[in-house]
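According to the working numbering, the sequence shown is numbered sequentially starting from 79.
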Amino acid sequence: MIKKIFSLFLIVVSFIYKVQAQTITPEEYIETYKDIAIREMKRMGVPAAITLAQGILESENGNSVLVKKSNNHFGIKCKSNWTAETVSHDDDAAGECFRTYKTSEDSYRDHSNFLRAGNHYAFLFNLDPSDYKGWAYGLKKAGYATNPKYPNILIKNIEKYNLQQYSDSGASNVPKFETEKYKDDPVVVEKDEVQHNQLKTAGVNANEIAENSSVISPIFYVNGSKCINAKKGTSLLAIATRNNINLKKLLDINELEEDGILDEDQMIFLQKKSKNGEQDFVIAGKHATMYHIAQQNGIQLESLLGYNQLEEDGDVKPGTKIYLKAISQSDQAKLIQERAAASKVVLYEVKPKEGLYTVAKKNGITVQQIKEWNNLTSDALRIGQQLIVSQ
């Protein structure tokens, strides 16, 4: 009797284990959601093959923990504009906020709206709906995913499971959108996640673009370099995409440490800035910083700091003369004295036959400290040269 009970127990446990371990196959996932993907293609223009390939990857064929908790098939995070239900889930960081949907179809709908409303995805909708390779590589270019193999994975899924047939099914009914008239379920400004190498989201509100077509201004030149006037709220990724510039290169050109949404109206350069200004100097106005002065005059910040004997960016006192070019030795000595008086540093005048080692020893400091404090690139000194020897 005991053996029979034990055997029955094992059968029940085995059955429960199999049910819990059962997973959805890619084929089953496709069969379940293909009609929704086709409907979304007809509604918003995102190729059904791309939507299904993303769903297979992002949701692990519908088996991911996030999908089971929230019906979120595309891993879209909350963002400031999301006011519906949310769920906490570990992704790039612990306990991140993700959108929750009542049904999987709601997730598919929001995914379509998300792509349609993102300004940096706009170029994708100019592609032929059957161009799944163009869409796959375009999504990566626009910053949808951080994985460098993301396009290849989508393409592989599309070709392996013949997902293109579903795009072909809806291709004849893809709507023709005029971006400036787009009003359907708009998504407000999505801040960049970034740079793990790239954000999963970013962009400018489609309605904002419709109401104000000058979010990004025409190209003009400052000190020989191309630039634009970008408004507050504009995504740097959107600027890079629109002007066909690598995002990292755009950040380097403008001496920015990270991408995201501009928090003020700002000049953004599209070409490397010059090391010298067009004029000898400018007078700093109110609320000026060295970075703002560098941008306004099309000069590399490092050069501007060097001309003015400064080590880092910061606020500038109104009325201060800021040099935009290298100055004479006498002017440089005078400038050093002015900076020293302002910052209460100690200066030392180089005497005949003195080198860095001698000056360092006399003042109880190291040669490296002298070089760093005075921005020296060589060991050569000249008689009468003013050196900072204490900070």
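We put the beta carbon where it would ideally sit given N, CA and C, even for glycine.
Using only the alpha-carbon positions, how far apart do P264 and Q349 sit? Interpretation of P264 is limited by its pLDDT of 34, a score under 50 that renders its predicted location unreliable; no figure is taken from the coordinates.
Mapping the DSSP letters down to three states, classify Q273 as helix, strand or coil. Residue placement at Q273 is flagged as unreliable, the pLDDT there being 30, under the threshold of 50; the coordinate-derived value follows with that caveat. Three-state DSSP puts Q273 in coil, outside helix and strand.
Rounded to whole angstroms, what's the CA-CA distance from N375 to V165? Just pull it up for me. 47 Å
Output needed for V360: all residues of its chain with C-beta closer than 6 Å, excluding positions within five of it in sequence on either side, in chain order. I400
Is the CB-CB distance between Y186 and H151 below 8 Å? yes
T319 versus L325: straight-line alpha-carbon distance, rounded: 8 Å
With DSSP run on the structure shown, which of helix, strand or coil describes K304? strand
Beta-carbon gap between Y244 and L130 smaller than 8 Å: yes
Between which two residues does the alpha helix (DSSP H) harbouring Y107 extend? P104 to M122
Locate the beta strand (DSSP E) running through T164, then write down its first and last residues. T164 to H167
Based on the DSSP secondary-structure assignment, which residues constitute the bridge partners of R177? T164
Can you give the Cα-Cα distance for S406 and Q463, rounded to whole angstroms? 12 Å
According to the Cβ coordinates, are L340 and A308 closer than 8 Å? yes
By DSSP, does L379 sit in helix, in strand, or in coil? helix
For K364 and V394, the rounded distance between their alpha carbons: 8 Å
If you compare alpha carbons, which of D188, F192 and W213 is closest to F201? W213
Compare the Cα-Cα distances from S468 to each of K429, P430 and G442 and report the closest residue. G442
K399, enclosing beta strand (DSSP E) - first and last residue: K399 to Y401
When you compare the region 111-130 with the region 202-211, are there three or more beta-carbon pairs, one atom per stretch, that lie closer than 8 Å? yes
Using only CA atoms, which one of L402, A404, D457 and K403 lies nearest to V428? D457
Looking at C-alpha atoms only, which residue of I448, T436 and G384 is the closest neighbour of V424? I448
Measuring only the C-alpha atoms, how far is Y179 from Y107? 18 Å
How would you label S408, buried or exposed, when you count the other beta carbons within 10 angstroms and need 16 or more for buried? exposed
For G433, count neighbouring Cβ atoms within 10 angstroms of its own Cβ and tell me buried if that reaches 16, exposed if not. exposed
Neighbourhood of G248 by C-beta, 7 Å cutoff - its chain only, sequence neighbours within 5 removed: I116, M119, K120 and A126
Can you tell me where the beta strand (DSSP E) with L465 in it begins and where it stops? Q464 to S468
Taking only three categories from DSSP, how would you classify D393? strand
Any idea which residues DSSP pairs K353 with across the strands? Looking at the DSSP assignment, K353 forms no beta bridge with any residue, so it has no partner.
Please state whether the Cβ-Cβ distance between N301 and G355 is less than 8 Å. yes
Just to confirm my understanding: we take Y299, look at its own chain, exclude 5 residues before and 5 after, and list those with CB closer than 6 Å. What are they? none
Quick one: grab the DSSP three-state call for K155. strand
In this structure, how does DSSP classify S128 when only helix, strand and coil are distinguished? The amino acid occupying residue 128 in the given sequence is Ile; Ser does not appear at that position. Helix at I128.
Once you ignore the five residues that flank D358 on each side, which residues in its own chain have a CB closer than 6 Å to its CB? K403
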